[in-house]
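Below you'll find the structure, written out as structure tokens, and then a few comments.
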Amino acid sequence: MSHTCHADNCKKEVPPKMFMCLAHWKMVPKDMQRNIWHHYRPGQERDKRPTINYLKATKMARCMVAFKEKGYPEAMIRDQLKLMKDYIDGLFVKKR
Ligand SMILES: [Zn+2]
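Here the working numbering runs 9 ahead of the position in the sequence shown, where the first position is 1.
Okay, here's the thing in structure tokens:
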């Protein structure tokens with residue numbers, strides 16, 4: 010089964026446990042890379058059951074790369090991502 014880079018519009022093939030191709034992965038800040046690996050569970054690429062925190066971490070990284078490619082400064086993207094995260098976390102709290 011083929012698996013491609015998760016960055017928008019990138020069709021590069023990567024091993025299933027790799028989230029992005031190297032070029033895009035390098036655009037993800039170190040702390041966000043660590044966050045992804047922190048929530049990675051070995052075997053999730055086979056049983057397709059990543060944790061919600063892994064999905065959140067990868068969504069953030071995708072946004073970061075997409076905005077960086079459009080030329081936005083990292084600090085500004087982080088501000089936006091933080092607002093989004095606070096908003097999403099708020100939705101989860103309300104549901105419970
Ligand atoms: Zn890529």
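Built from N, CA and C at the ideal position, the CB exists for glycine as well.
In the structure shown, T60 adopts coil according to DSSP, grouped into three states. Pairing H33 with T60, the inter-Cα distance amounts to about 22 Å.
T67 sits buried, since 16 or more C-beta atoms from the chains shown fall within 10 Å of its C-beta. DSSP places N44 in the uninterrupted alpha helix (DSSP H) bounded by 39-48. The beta carbon of I86 is closer than 6 Å to those of M73, F76 in its chain, skipping five residues each way along the sequence. Secondary structure note for A32: its alpha helix (DSSP H) is the uninterrupted segment 31-34. The alpha-carbon of M69 is positioned some 12 Å away from that of R43. With 16 or more other Cβ atoms inside 10 Å of its own Cβ, M29 counts as buried. Around the beta carbon of A16, 16 or more other beta carbons lie within 10 angstroms, which makes this residue buried. At a cut-off of 8 Å, the beta-carbon of A32 counts as near ligand 1: some heavy atom of the ligand is closer than that.
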